[in-house]
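*Asks:* Protein chains in written order, with the working numbering: chain A, 1 to 415; chain H, 416 to 716.
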């Protein structure tokens, strides 16, 4: 046991200091922060542009608006002009920054023409829209608050089976959060299990494996590596999690992050899936590392494994169309795609409890089997150099009682 | 099995598919000796060592190490210097040694203390913070040797311990091996450097194609291969001496006198002493070098 912890501690500390790990852990949040800064600046500039435009004139040829005197509804500086010529003169004289014209047939066509010497910022469009809605409401004279006409639906989804109520304003959180979780997980587990695999390949090509196998049992070595690097991956996810919470709080003023909260219950379910599937990938990667001959060869294997992992992303359309359809259900139950599938589905609809239970069960069984099988392959492949192992030999190693072997053809026999 | 045998190998067979790597091998390694394993490339030495270390399992036969079937605890008392050297390349020397010491069951402070002592002894005291990849080949070799004896093993198995070392470092490693034996440790050494075996080994095993060819005390084996001949240096007509069958000039190595069956070295010496026209600078029994024995055994197969 003590030796296993020695291995775990060594793997943790050694890989923690790797430049590539530090880059991944701190680089990604820093990069995201930089993106934030850019977005802030861009949005800030857009907002300013509307204000820089100054007063916006309008000409109502349709006769829709009851009140043609200058309005400052919601503080918006709109000024009415009787004719397009008058508006044009005001624009040329720079008393107004832009003007728009409601065509005579506005009621049937909705045509609004905008004129300006500078570009028309996006934000102005929504201001014009709100202004016209107000005008229409006034015209109708109905006893309806203006607010309900401009925003008729404020949806709350009562997902009875998960007990989670989500108002419309956190819908982005529903869709975005699982995606972010999935990405964080893919990166964290990809980085750490990659280290695991490279470590094994390095120990094999360095021949230090000969020293290791006379000091520790393969199980101690494998378990130590998986635990040490698992904690490393967890460290990475915690750092990113903290960074995420900080950013969500910082980002409350951004329109697309408004109202997003850190969904704790989803995070916990995600964690459960992630721990299980980390063991799944890590033991698989360890197996690949011990079977492969070179770093290059192991990378080819590992990229196939990562590809299987992200299959659910290829089916995003199906997940959105029908989160409880056959494709999402299959991908939920298949252990390699389960974590990301479940999270994506949670984003779009409630997932029936039985599916979560069954998929967790399948995932657990598969993980236990793969850890066991890769321990066997590990023991068997540790000292085999120079020869790639065929699938049949690998299956043979899993089925045979564990022992080290070398083959005559490996060129490593008895010097 | 003898009670003072550190390693006991009995009728061990190991096949790789249809290839028999080790063929019915039996031998003992006694506590406190330097035991040499010799044999041409591919003769089964490394396979035998790996079976002793429990890296490979024999197909049949028994191996007992440090008093019984090898256990994980027994492995902590063994030091192994593999022929294909292995070190972590991008790790600092001291850090790597401490880790490998801990994997042999040492505590961190002990491993650190002992590593520093060994590095000092091997004149690597200035390189504790260097990365392994920054060291010269000879230095790496010494670090590898330090790792082998780091955990105070009672048995060390060293595969080609001198390869890649210059004469000075060869002496350093040799002295360490001998002082290890002086402290009661047992050494199993596999090498091709016959003169090292002649200088250091107490007993030896020579295998070829997985089977035993020679086994026993070094002196006994050399006596066994001793020719009925004498090597001399000096002046005179050696061929005319009574009891001499024929002679062979070996240049600087002197002249070998092959004796007739009834002659002895004493009778030849007496004949030289009484001969008036002969001077003698050297007179010794022609005992073949281990190198000659090795070549003879391999060529006779």
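From the three backbone atoms N, C-alpha and C, an ideal C-beta is built for every residue, glycine too.
From a predicted model like this one, the values you see are computed outputs, not experimental measurements.
With a cut-off of 8 Å, do at least 3 Cβ pairs link the region 600–612 of chain H to the region 704–711 of chain H?
*Replies:* Touching, yes.
*Asks:* Go through its chain and collect everything with a Cβ distance to residue 96(A)'s Cβ below 8 Å, but skip five positions before and after it.
*Replies:* Reading the first chain from its first residue, position 96 is the one you call residue 96(A). Hits under 8 Å: 54, 55, 56, 57, 79, 87 and 90.
*Asks:* For residue 11(A), which of 185(A), 215(A) and 222(A) has the nearest alpha-carbon?
*Replies:* Position 11 of the first chain, counting from 1, holds the residue named residue 11(A). Taking only the C-alpha atoms, the option nearest residue 11(A) is 222(A).
*Asks:* If we call anything under 9 Å between Cβ atoms a contact, is residue 98(A) one with residue 116(A)?
*Replies:* Indexing the first chain from 1 puts residue 98(A) at position 98. Indexing the first chain from 1 puts residue 116(A) at position 116. For residue 98(A) and residue 116(A), yes; Cβs fall inside 9 Å.
*Asks:* Is there at least one Cβ from chain A nearer than 9 Å to residue 495(H)'s Cβ?
*Replies:* Here the question's residue 495(H) lines up with position 80 in the second chain. Yes, its Cβ sits closer than 9 Å to a Cβ of chain A.
*Asks:* So with Cβ pairs under 9 Å, would you call residue 7(A) a contact of chain H?
*Replies:* Position 7 of the first chain, counted from the start, is the residue given in the question as residue 7(A). Interface residue, yes.
*Asks:* Please confirm whether residue 323(A) and residue 349(A) have their CB atoms less than 9 Å apart.
*Replies:* Taking the first residue of the first chain as 1, we reach residue 323(A) at position 323. Taking the first residue of the first chain as 1, we reach residue 349(A) at position 349. Yes. Within cutoff.
*Asks:* Please state the DSSP three-state secondary structure of residue 96(A).
*Replies:* The count along the first chain starts at 1 and reaches residue 96(A) at position 96. Coil.
*Asks:* Under 8 Å, with one C-beta from each stretch per pair, do the region 19–33 of chain A and the region 524–539 of chain H reach the 3-pair mark?
*Replies:* Judged by Cβ distances under 8 Å, the region 19–33 of chain A makes no contact with the region 524–539 of chain H, as fewer than three pairs qualify.
*Asks:* Check the Cβ of residue 213(A) against every Cβ in chain H and list those closer than 7 Å, keeping chain order.
*Replies:* Walking along the first chain from the start, residue 213(A) turns up at place 213. Near residue 213(A) (Cβ distances below 7 Å), the residues of chain H are 470.
*Asks:* Could you give the distance in angstroms between the alpha-carbon of residue 360(H) and the alpha-carbon of residue 631(H)?
*Replies:* Residue 360(H) falls outside the range modelled here, since chain H spans only 416 to 716, and no answer is possible.
*Asks:* Pull up the distance between the alpha-carbon of residue 444(H) and that of residue 597(H), whole angstroms please.
*Replies:* One-based indexing of the second chain puts residue 444(H) at position 29. One-based indexing of the second chain puts residue 597(H) at position 182. If you take the alpha carbons of residue 444(H) and residue 597(H), they lie about 16 Å apart.
*Asks:* Specify whether the region 547–564 of chain H and the region 496–511 of chain H touch according to this definition: at least 3 beta carbon pairs, one from each stretch, less than 8 Å apart.
*Replies:* Because the criterion of three Cβ pairs below 8 Å is met, the region 547–564 of chain H and the region 496–511 of chain H touch.
*Asks:* Assuming the contact rule is C-beta atoms closer than 8 Å, residue 462(H) and residue 490(H) should be a hit. Round their C-beta distance to whole Å, please.
*Replies:* Against the second chain, residue 462(H) aligns to sequence position 47. Against the second chain, residue 490(H) aligns to sequence position 75. Residue 462(H) to residue 490(H), Cβ: 18 Å. No contact.
*Asks:* Please state whether the Cβ-Cβ distance between residue 328(A) and residue 363(A) is less than 9 Å.
*Replies:* Along the first chain, read from residue 1 onward, the residue named residue 328(A) stands at position 328. Along the first chain, read from residue 1 onward, the residue named residue 363(A) stands at position 363. No, they are not a contact pair.
*Asks:* Using a cut-off of 7 Å between C-beta atoms, extract the partners of residue 487(H) located in chain A.
*Replies:* In the second chain, residue 487(H) corresponds to position 72, counting from 1. Within chain A, the residues near residue 487(H) are 217.
*Asks:* Under three-state DSSP, which class holds residue 387(H)?
*Replies:* This structure gives no information on residue 387(H), because the portion of chain H shown stretches from 416 to 716.
*Asks:* Taking residue 107(A) as the reference, which of 122(A), 274(A), 309(A) and 133(A) has the closest Cα?
*Replies:* As a working mapping, residue 107(A) is identified with position 107 in the first chain. For the residues 122(A), 274(A), 309(A) and 133(A), the minimum Cα distance to residue 107(A) belongs to 133(A).
*Asks:* Could you spell out the range, first to last residue, of the alpha helix (DSSP H) harbouring residue 665(H)?
*Replies:* Along the second chain, one-based indexing puts residue 665(H) at 250. Neither: residue 665(H) is in no alpha helix (DSSP H) and is coded neither H nor E.
*Asks:* Under 9 Å, do residue 197(A) and residue 382(A) count as touching if we go by C-beta distance?
*Replies:* Translated into the one-based positions of the first chain, residue 197(A) becomes position 197. Translated into the one-based positions of the first chain, residue 382(A) becomes position 382. For residue 197(A) and residue 382(A), no; Cβs fall outside 9 Å.
*Asks:* Identify each residue in the region 511–542 of chain H for which the Cβ-Cβ distance to at least one residue of chain A is less than 8 Å, and report them in chain order.
*Replies:* Those residues of the region 511–542 of chain H that come within reach of chain A (Cβ to Cβ, closer than 8 Å) are 514, 515, 517, 518, 519 and 520.
*Asks:* Rounded to whole angstroms, what is the Cα-Cα separation between residue 690(H) and residue 616(H)?
*Replies:* Taking the first residue of the second chain as 1, we reach residue 690(H) at position 275. Taking the first residue of the second chain as 1, we reach residue 616(H) at position 201. Cα to Cα, residue 690(H) sits roughly 41 Å from residue 616(H).
*Asks:* Buried or exposed: which applies to residue 575(H), given that a residue is buried once 16 or more other Cβ atoms fall within 10 Å of its Cβ?
*Replies:* Here the question's residue 575(H) lines up with position 160 in the second chain. Classification for residue 575(H): buried.
*Asks:* Using a Cβ cut-off of 8 Å, pull out every chain H residue sitting near residue 3(A), in sequence order please.
*Replies:* Sequence index remark: in the first chain, residue 3(A) carries index 3 (1-based). Within chain H, the residues near residue 3(A) are 517, 518 and 520.
*Asks:* Please list the terminal residues of the continuous beta strand (DSSP E) segment that includes residue 423(A).
*Replies:* The structure shown does not extend to residue 423(A), since chain A is modelled only from 1 to 415, so the question has no answer here.
*Asks:* Along the region 352–386 of chain A, what residues have a CB closer than 8 Å to any CB found in chain H?
*Replies:* Under the 8 Å Cβ criterion, the region 352–386 of chain A contributes 383.
*Asks:* Identify, in the order they occur along the chain, each residue of the same chain with its Cβ nearer than 6 Å to the Cβ of residue 527(H), setting aside the five sequence neighbours on each side.
*Replies:* Taking the second chain and counting its residues from 1, one reaches residue 527(H) at position 112. So the qualifying residues of the chain are 513.
*Asks:* Taking all protein chains shown into account, decide if residue 468(H) is buried (16 or more other Cβ within 10 angstroms of its Cβ) or exposed.
*Replies:* Along the second chain, one-based indexing puts residue 468(H) at 53. It counts as buried.
*Asks:* Cβ closer than 8 Å: which chain H residues qualify as neighbours of residue 15(A)?
*Replies:* As a first step, residue 15(A) must be located in the first chain, where it is residue number 15. None at all; the shortest Cβ gap to chain H is about 12 Å.
*Asks:* Assuming residue 569(H) and residue 601(H) form a contact by the criterion Cβ under 8 Å, report the distance between their Cβ atoms to the nearest whole angstrom.
*Replies:* Within the second chain, the letter at position 154 stands for residue 569(H). Within the second chain, the letter at position 186 stands for residue 601(H). Contact holds; Cβ gap of about 7 Å.
*Asks:* Okay, do the region 496–506 of chain H and the region 537–547 of chain H touch, 3+ Cβ pairs below 8 Å being the bar?
*Replies:* In short, these stretches touch, since the Cβ pair count reaches three.
*Asks:* Given a cut-off of 9 Å on the beta-carbon distance, is the pair residue 216(A) and residue 4(A) in contact?
*Replies:* Taking the first residue of the first chain as position 1, residue 216(A) is located at position 216. Taking the first residue of the first chain as position 1, residue 4(A) is located at position 4. Against a cut-off of 9 Å, the Cβ pair of residue 4(A) and residue 216(A) comes out as a contact.
*Asks:* Taking the alpha carbon of residue 380(A) as the point to measure from, which residue in 365(A), 396(A) and 370(A) has its own alpha carbon closest?
*Replies:* Here the question's residue 380(A) lines up with position 380 in the first chain. Among 365(A), 396(A) and 370(A), the Cα nearest to that of residue 380(A) is on 396(A).
*Asks:* Report, in whole angstroms, the separation of the C-beta atoms of residue 345(A) and residue 319(A), which I expect to be a contact under 8 Å.
*Replies:* For this step, residue 345(A) is matched to residue 345 along the first chain. For this step, residue 319(A) is matched to residue 319 along the first chain. Indeed, because the Cβ distance is near 6 Å, the residues count as touching under 8 Å.
*Asks:* Does DSSP put residue 73(A) in a helix, a strand or coil?
*Replies:* In the first chain, the residue the question calls residue 73(A) occupies position 73. For residue 73(A), the predicted model reports a pLDDT of 48, less than 50, meaning its position is unreliable and no value from the coordinates is stated.
*Asks:* Measure the Cβ-Cβ separation of residue 437(H) and residue 459(H) and say whether it is below 9 Å.
*Replies:* The count along the second chain starts at 1 and reaches residue 437(H) at position 22. The count along the second chain starts at 1 and reaches residue 459(H) at position 44. Contact flag set, yes.
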